[in-house]
Amino acid sequence: MIKNDLFLKALKGETVQRPPVWMMRQAGRYLPEFRALRDKYDFFTRCETPELAAEITVQPIRRIAPDAAILFSDILVVPRAMGIHVELKDNLGPIIPNPIRTMEQVNQVYVPDVNETLGYVFDAIKLTKEMLNDEVPLIGFAGSPWTIFCYAVEGKGSKSFDTAKGFCFSNPVAAHTLLQKITDTTILYLKEKVKSGVNAVQIFDSWGGMLSPVDYQEFSWKYINQIVEALAEVTPVIVFGKGCWFALNDMGKSKASALGVDWTCSARNARYLSGGNVTLQGNFDPSRLLSPIPTIKKMVHEMIDEFGKDKYIVNLGHGILPNIPVDHAKAFIDAVKEYGN
0 MIKNDLFLKA
10 LKGETVQRPP
20 VWMMRQAGRY
30 LPEFRALRDK
40 YDFFTRCETP
50 ELAAEITVQP
60 IRRIAPDAAI
70 LFSDILVVPR
80 AMGIHVELKD
90 NLGPIIPNPI
100 RTMEQVNQVY
110 VPDVNETLGY
120 VFDAIKLTKE
130 MLNDEVPLIG
140 FAGSPWTIFC
150 YAVEGKGSKS
160 FDTAKGFCFS
170 NPVAAHTLLQ
180 KITDTTILYL
190 KEKVKSGVNA
200 VQIFDSWGGM
210 LSPVDYQEFS
220 WKYINQIVEA
230 LAEVTPVIVF
240 GKGCWFALND
250 MGKSKASALG
260 VDWTCSARNA
270 RYLSGGNVTL
280 QGNFDPSRLL
290 SPIPTIKKMV
300 HEMIDEFGKD
310 KYIVNLGHGI
320 LPNIPVDHAK
330 AFIDAVKEYG
340 N
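Each residue of the sequence shown is one higher than the one before, counting from 0 in numbering that gives the first Met the number 0.
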């Protein structure tokens with residue numbers, strides 16, 4: 000049994016004394032102990048070495064004590080497992096040297112045996128679970144098919160992903176074929192994560208907000224919903240679509256246990272748009288962690304008042320920034336723990 004099960008209770012919609020709290024990217028670059036490992040090992044070595052991934056996952060549990068851990072990994076381990084070559088360049092982010100632009104290339108992408116290609120992730124989960132010793136739940140995650148597709152087709156990060164969108168609109172058969180392969184792989188991957196011990200999963204649709212509401216339905220949501228349908232039978236699923244407030248109504252009707260909200264959508268609108276019954280997660284602006292500590296604490300308490308303490312998980316509206324002082328990150332977590340006292 001998990002000793003601190005606030006997060007799992009909130010996912011079930013149960014009444015809690017205070018909402019649980021964790022931060023996207025909490026296992027990461029704002030922590031000096033993480034940076035020490037980053038200086039010694041390259042990115043994919045950290046992802047692919049279970050001992051390193053587990054250590055990085057538990058670092059924030061020791062340091063700032065959130066109510067859940069999220070496995071250190073990356074959304075791009077999935078396309079790498081599917082035969083798409085991915086490199087990570089300093090200061091440039093992920094690069095795919097041979098982006099997918101034709102049906103012939105799509106046909107070369109395969110749905111892998113996830114145990115063969117991604118076994119190191121499952122080993123990292125088992126090791127992390129041992130290190131956590133049932134103190135807090137562990138979250139597994141994957142990128143949404145659309146977000147993975149964006150990188151695979153664009154070849155790198157982008158402000159607009161026009162090439163990826165153009166591929167969808169000019170070559171929809173190839174686009175849907177690739178999106179389905181990513182979806183099938185992601186379902187297999189997340190199911191194996193659950194078997195390995197994660198207590199919930201989150202789908203990150205980082206680039207969903209690039210699409211119009213109509214195109215979002217066709218190229219993103221229908222694939223996310225396949226994953227939700229497949230996984231909801233075995234674990235709680237959180238869906239986080241950045242900039243996707245327009246899809247909250249459809250998301251709220253799905254089997255997702257919780258919906259992530261970014262800082263551009265108010266608590267009131269998020270409750271209204273999602274139908275008012277589903278647990279919401281978010282939505283503190285990560286840059287706001289640069290505010291003075293008393294301001295952070297005041298704003299966190301106001302945010303909880305707006306969302307309500309039940310059916311709510313306190314989080315940032317996107318990943319924590321690398322330049323956030325550790326004591327400010329801790330103040331964010333502590334503010335939630337002090338709520339109502």
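Think of the CB as a built atom: it goes at the ideal place given N, C-alpha and C, for glycine as much as any other residue. Note that the structure is a prediction, hence the values are computed from the model and not measured.
May I have the straight-line CA-CA distance separating residue i from residue j, to the nearest angstrom?
i: R24; j: G139; result: 12 Å
i: Q201; j: W220; result: 14 Å
i: K254; j: D333; result: 31 Å
i: Y222; j: W21; result: 26 Å
i: V193; j: L279; result: 22 Å
i: N76; j: A257; result: For the sequence presented, residue 76 should be read as Val rather than Asn. When rounded, the distance between both Cα atoms is 24 Å.
i: A52; j: C243; result: 30 Å
i: V370; j: Q107; result: Because the chain here runs from 0 to 340, residue 370 falls outside it and cannot be looked at.
i: P65; j: D73; result: 20 Å
i: N340; j: D183; result: 46 Å
i: K190; j: N132; result: 22 Å
i: D122; j: Y40; result: 19 Å
Could you tell me if residue i is buried or exposed, where buried requires 16 or more neighbouring beta carbons within 10 angstroms of its beta carbon?
i: E54; result: buried
i: D249; result: buried
i: F168; result: exposed
i: G307; result: exposed
i: E17; result: First, the residue type needs correcting, since residue 17 is Arg and not Glu in the sequence shown. That one is buried.
i: T263; result: exposed
i: G316; result: buried
i: Y109; result: exposed
Might you give, ordered along the chain, the residues of its own chain that have their beta carbon closer than 7 Å to the beta carbon of residue i, omitting 5 neighbours on each side?
i: P330; result: Just to set this straight, residue 330 is Ala in the shown sequence, not Pro. So the list reads I292, I295, K296, once near-sequence residues are dropped.
i: T116; result: A80
i: A163; result: F148, C149, V152, E153
i: T185; result: V77, A141, P144, I226
i: P96; result: H84, E86
Give every residue of the same chain whose Cβ lies closer than 6 Å to the Cβ of residue i, excluding the five residues on either side of it in the sequence, and list them in chain order.
i: S205; result: T146, K241
i: R28; result: P321
i: T56; result: A26, A68, L70, F71, T127
i: P136; result: I1, F6, L7, A67, N198
i: G251; result: S273, G274, V277
i: E47; result: Y119
I'd like to confirm the pairing. Which residues does DSSP put opposite residue i in its beta bridges?
i: T278; result: A257
i: K155; result: I94
i: D333; result: For D333, which the question treats as bridged, DSSP gives no partner whatsoever.
i: N314; result: N282
i: G142; result: F203
i: F148; result: According to DSSP, which records beta bridges pairwise, F148 is partnered with nothing at all.
i: L137; result: A68
i: F239; result: F203, G259
Given residue i, which residues of its chain have a CB within under 8 Å of its CB, disregarding the five upstream and five downstream residues?
i: I323; result: Y29, P285, L288, L289
i: E134; result: I1, K2, N3, I60
So, does the CB of residue i fall closer than 8 Å to a CB anywhere in chain D?
i: Q179; result: Annotation note: the requested chain D is absent from the structure, which comprises a single protein chain.
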